[in-house]
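Chemist:
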Amino acid sequence: MSSQQTMTAADRSQPLESPAEARSGLLWYVNDARLLAGRSLRHVRRRPDQLMAAVLQPIMFFILFTYIFGGAIEVPGGDYKQFVLPGVFGQIVVFGGIAGMCVGIAEDLRNGMMDRFRSLPMGSSAVLLGRTVSETARNLVAVVVTGAVAYIFGFRFQGTIVETLAGIGILLLFGFALAWVLAIVGVTASSAEAAQSTAMPWAFLFGFVSSAFVPSESMPGWLRPFADNSPVTVTINSARAWFNGESPGSDATQSILWSIGLLIVFVPVSTILFKRATSKS
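Okay, so the sequence shown: first residue is 34 according to the numbering used here, each after it adds one.
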């Protein structure tokens with residue numbers, strides 16, 4: 034009989050963090066998060082749908098927009114490949130989190146996995162941290178693979194190594210912050226399907242109403258203020274500037290402030306909601 038089946042009603046009513054509190058410490062917490070991040074990454078490797086969403090989909094976006102739509106879109110500098118790849122990277126961090134955070138957490142909450150976690154000596158918040166770290170690692174892999182394919186098709190990083198790393202870093206920072214926002218959707222949704230359905234419209238709104246694939250100057254006047262001030266736009270603009278050897282100006286500052294603000298607000302909120310959800314399951 035499994036450990037999950039042998040749990041009593043009293044055991045199930047205990048908060049997830051109780052065993053961990055008895056031996057709390059930063060090293061235990063980091064190690065728990067590391068192990069759970071590894072678990073999430075193994076799931077990506079073993080699930081072709083998640084692997085496709087993480088790696089193949091951005092490559093298809095780059096090729097599709099470059100060779101089908103790119104010829105009809107005027108961009109600063111005139112080279113659409115140099116314009117669109119940072120936008121594709123932005124789509125990676127926006128849409129990738131839906132499968133990794135929303136669907137993954139919702140599945141773990143509803144399929145009994147949290148009962149097994151509760152029986153183990155680990156902190157509940159480490160579950161969310163492990164997820165967000167694995168999501169960041171998956172974004173990094175997707176960015177590297179997509180960038181390598183884009184290089185074959187003619188894209189060039191024209192900035193210095195430091196500028197290139199800064200561009201990738203600001204994208205990953207925003208993806209890490211966004212993952213904590215998406216965690217709330219996964220925790221509060223009634224099912225994995227509901228989590229995906231709830232997050233997808235918001236991902237489309239912020240992902241496409243931005244400078245990812247077209248300059249915001251081409252948008253209607255009533256829509257442009259939203260696009261220009263979107264965290265997705267300032268993050269993509271920053272990465273685009275650094276990749277092309279230019280200064281990002283105030284976009285980099287705005288992007289970093291957006292990421293820090295999201296972390297300050299949504300890390301504690303998502304952790305509280307997660308603890309409530311696991312104490313009820």
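From the three backbone atoms N, C-alpha and C, an ideal C-beta is built for every residue, glycine too.
1. Assuming contact is defined by CB atoms lying nearer than 8 Å, are residue 275 and residue 199 in contact in what I supplied?
2. Should residue 295 go down as buried or exposed, given a rule of 16 or more other Cβ atoms within 10 Å for buried?
3. Pick out the complete alpha helix (DSSP H) segments inside the stretch 222 to 299, 4 residues or longer, and give them in chain order.
4. What residue does the alpha helix (DSSP H) around residue 143 start on, and which one ends it?
5. Would DSSP call residue 65 helix, strand or coil?
6. Can you check whether the CB of residue 216 is closer than 8 Å to the CB of residue 303?
7. Below 8 Å between beta carbons: does that hold for residue 99 and residue 186?
8. Taking the runs of the alpha helix (DSSP H) that are 4 residues or longer, which of them lie wholly in the stretch 82 to 136?
9. Does DSSP put residue 11 in a helix, in a strand, or in coil?
10. How big is the Cα-Cα spacing for residue 310 and residue 201?
11. For residue 121 and residue 95, which I take to be in contact (beta-carbon distance under 8 Å), what is that distance rounded to the nearest angstrom?
12. To which residues of the same chain is residue 287 closer than 7 Å at the C-beta, ignoring the five residues directly before and after it?
13. Determine, using beta carbons only, whether residue 212 and residue 130 come nearer to each other than 8 Å.
14. Between the alpha carbons of residue 225 and residue 111, how many angstroms are there, rounded?
15. For residue 282, does the count of other Cβ atoms within 10 angstroms reach 16, so buried, or fall short, so exposed?
16. Can you give me the C-alpha to C-alpha distance between residue 90 and residue 246, rounded to a whole angstrom?
17. Among 291, 123, 237, 257, whose alpha-carbon lies nearest the alpha-carbon of residue 92?
18. For residue 135 versus residue 232, is the C-beta distance shorter than 8 Å?
Modeler: Answer, in terms of the structure:
1. As a position in the sequence shown, residue 275 is number 242, starting the count at 1. As a position in the sequence shown, residue 199 is number 166, starting the count at 1. For residue 275 and residue 199, yes; Cβs fall inside 8 Å.
2. Working through the sequence shown from its first residue, we reach residue 295 at position 262. With 16 or more Cβ atoms within 10 Å of its Cβ, residue 295 is classed as buried.
3. 225 to 241, 257 to 262, 264 to 276
4. Start at 1 with the first residue of the sequence shown, and residue 143 comes out as number 110. Unbroken alpha helix (DSSP H) run through residue 143: 137 to 143.
5. Counting from one through the sequence shown, the residue named residue 65 turns up at place 32. In this structure, residue 65 counts as helix in the three-state DSSP scheme.
6. For the purposes of this step, residue 303 is identified with residue 270 of the sequence shown, where counting begins at 1. For the purposes of this step, residue 216 is identified with residue 183 of the sequence shown, where counting begins at 1. Yes.
7. On the sequence shown, residue 99 is found 66 positions in, with the first residue counted as 1. On the sequence shown, residue 186 is found 153 positions in, with the first residue counted as 1. In contact: residue 99 and residue 186 (Cβ atoms closer than 8 Å).
8. 90 to 97, 113 to 130
9. In the structure as shown, the chain starts at 34 and stops at 314, and residue 11 therefore has no counterpart that could be examined.
10. On the sequence shown, residue 310 is found 277 positions in, with the first residue counted as 1. On the sequence shown, residue 201 is found 168 positions in, with the first residue counted as 1. If I take the Cα positions, the gap works out to 34 Å.
11. As a working mapping, residue 121 is identified with position 88 in the sequence shown. As a working mapping, residue 95 is identified with position 62 in the sequence shown. So it is a contact: roughly 5 Å between Cβ atoms.
12. Residue 287 sits at position 254 when you count from the first residue of the sequence shown. Counting only Cβ-Cβ distances below 7 Å, and skipping sequence neighbours, we find 267.
13. For the purposes of this step, residue 212 is taken as the residue at position 179 of the sequence shown. For the purposes of this step, residue 130 is taken as the residue at position 97 of the sequence shown. In contact: residue 212 and residue 130 (Cβ atoms closer than 8 Å).
14. The count along the sequence shown starts at 1 and reaches residue 225 at position 192. The count along the sequence shown starts at 1 and reaches residue 111 at position 78. The alpha-carbon atoms of residue 225 and residue 111 are separated by roughly 42 Å.
15. Taking the first residue of the sequence shown as position 1, residue 282 is located at position 249. Burial call: exposed.
16. Reading the sequence shown from its first residue, position 57 is the one you call residue 90. Reading the sequence shown from its first residue, position 213 is the one you call residue 246. Using only the alpha carbons, I get a separation of about 15 Å.
17. Within the sequence shown, numbered from 1, the residue matching residue 92 stands at position 59. Nearest of 291, 123, 237, 257 to residue 92, Cα basis: 123.
18. The sequence position of residue 135 within the sequence shown is 102, counting from 1. The sequence position of residue 232 within the sequence shown is 199, counting from 1. Going by C-beta atoms, residue 135 is nearer than 8 Å to residue 232.
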